[in-house]
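Participant: Taking our numbering, the leading residue of the sequence shown gets 10, the next gets one more, and so forth.
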Amino acid sequence: MRSQQEYVLRTVEERAIRFVQLWFTDVLGTAKTFSITPAELENALEEGMTFDGSAIDGFSRVQESDVLARPDPKTFQLLPWHPDEVPVARVFCDISNLDGSPFEGCPRHALRRALDRAREKGFTFFSAPEIEFFYFADADPAHEPVTLDSGSYFELTASDLSSDLRKRSVLTLEEMGIPVEHAQHEDAPSQHEIDLRYTDALTMADTVMTVRLVVKETAQRRGVHASFMPKPLGGEQGSGMHTHVSLFEGDKNAFHDPDDPYGLSEVAKQFMAGLLRHAPEITAVTNQWVNSY
């Protein structure tokens, strides 16, 4: 960890980075941030940065408001859409109580806790999502949503604004070291998809938050609104985030059994049973908005 912190501090100095954004999420999955200057970075990495958690959904009540944002130096990354004369970087944070104990309302902590339990059983958990979204002409709620194209599933169209935005988003992600498996037009007009190469679940959770911002930033720079709303258009296909998951024991796929008629191990069957058993609780986290239904 110390060497990673030193790398971050050295990079900030060498690249003359002016601001470092501290990213975290609330319990609704909404990205939050505040910025610090390089002068505050070393202290932030060592001690964390205090902020008022009472203003964040699901964090703290007013009488116990202050919490700590603790940067994870492994997530440090330059944000390529900021101008060269004012370089900006970001780092994801874990949220802690002032005594240093993990804050129970931090989604990153909740995921890390679950991954630790899997690791105790000898498993590494991987995921690979398919991220769907729409492009609209603007974000004015007074206007009916106007799509940018009339394409359909996997349609090969002449180059247009929406396909160009999708390609630019993929290029930005690759510039940030995020591998994309493929991207294509989805079923509904102006609906697109970016599929990410699998990685460990914590890295992927951070990556999904990054992808959403990259897609929105890329669109906004061309005067377009990108929406990850589940069902923005009546009568058209909605957007989801299909997520491929797997468990490994070392290099072995824990879901595979060559002797099973379906190629599935007992672990795989138990995993599926667990998903079905806990579907209501899972849905409360993954499908919080009325629009999901």
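Note that the Cβ used here is the ideal one computed from N, Cα and C, for glycine as well.
#1: Counting pairs of Cβ atoms below 8 angstroms between the segment 10-29 and the segment 88-105, do you hit three or more?
#2: Helix, strand or coil, according to DSSP, for R99 in the structure here?
#3: From what residue to what residue does the alpha helix (DSSP H) around Q14 run?
#4: Between the alpha carbons of K240 and E22, how many angstroms are there, rounded?
#5: I'd like the span of the beta strand (DSSP E) that includes M250, first residue to last.
#6: Could I get the ranges of all uninterrupted beta strand (DSSP E) runs contained in the segment 147-198, with 3 residues as the minimum, in chain order?
#7: Whose C-alpha, out of S301, W32, A48, is nearest the C-alpha of Q246?
#8: V224 to A235, Cα distance in whole Å?
#9: Strictly under 8 angstroms for the Cβ-Cβ distance: is P116 near chain B by that measure?
#10: Looking at the structure shown, is S136 part of a helix, part of a strand, or coil, going by DSSP?
#11: In this structure, does DSSP put L120 in helix, strand or coil?
#12: Assuming L77 is part of the alpha helix (DSSP H), what are its boundary residues?
#13: Which partner residues does H287 have in the DSSP bridge list?
#14: Checking 8 angstroms against the spacing of the C-beta atoms, do R121 and L211 come in under that value?
#15: Taking D147 as the reference, give the member of V233, R128, T208 with the closest Cα.
#16: Closest to N296 by C-alpha separation, out of M238, H191, F280, would be which residue?
#17: Could you check the C-alpha separation between V71 and S63 for me, to the nearest Å?
#18: May I ask which residues mark the beginning and end of the alpha helix (DSSP H) holding K225?
#19: Tell me which residues share the same chain as R27 and place their Cβ nearer than 8 angstroms to its Cβ, disregarding the 5 neighbours each side in the sequence.
#20: How would you write the range of the beta strand (DSSP E) that A263 sits in, first residue to last?
#21: Under three-state DSSP, which class holds T46?
#22: Give the secondary structure of F280 by DSSP, where H, G and I count as helix, E and B as strand, and everything else as coil.
#23: Helix, strand or coil, according to DSSP, for D108 in the structure here?
#24: Quick check on V71: does DSSP put it in helix, strand or coil?
Facilitator: With the given structure in hand:
#1: yes
#2: strand
#3: 11-23
#4: 44 angstroms
#5: 250-258
#6: 189-194
#7: S301
#8: 7 angstroms
#9: Although the question refers to chain B, the structure presented lacks it and comprises just one protein chain.
#10: strand
#11: helix
#12: That residue, L77, is in no alpha helix (DSSP H); its beta strand (DSSP E) goes 75-80.
#13: Answer is none; H287 lacks a bridge partner.
#14: yes
#15: V233
#16: M238
#17: Low confidence applies to V71: its pLDDT is 48, below 50, so where it sits in the model is not reliable enough to give any reading.
#18: 210-229
#19: T46, P47, V95, P96, V97
#20: First-last for A263: undefined, no H or E at that position.
#21: coil
#22: helix
#23: coil
#24: Low confidence applies to V71: its pLDDT is 48, below 50, so where it sits in the model is not reliable enough to give any reading.
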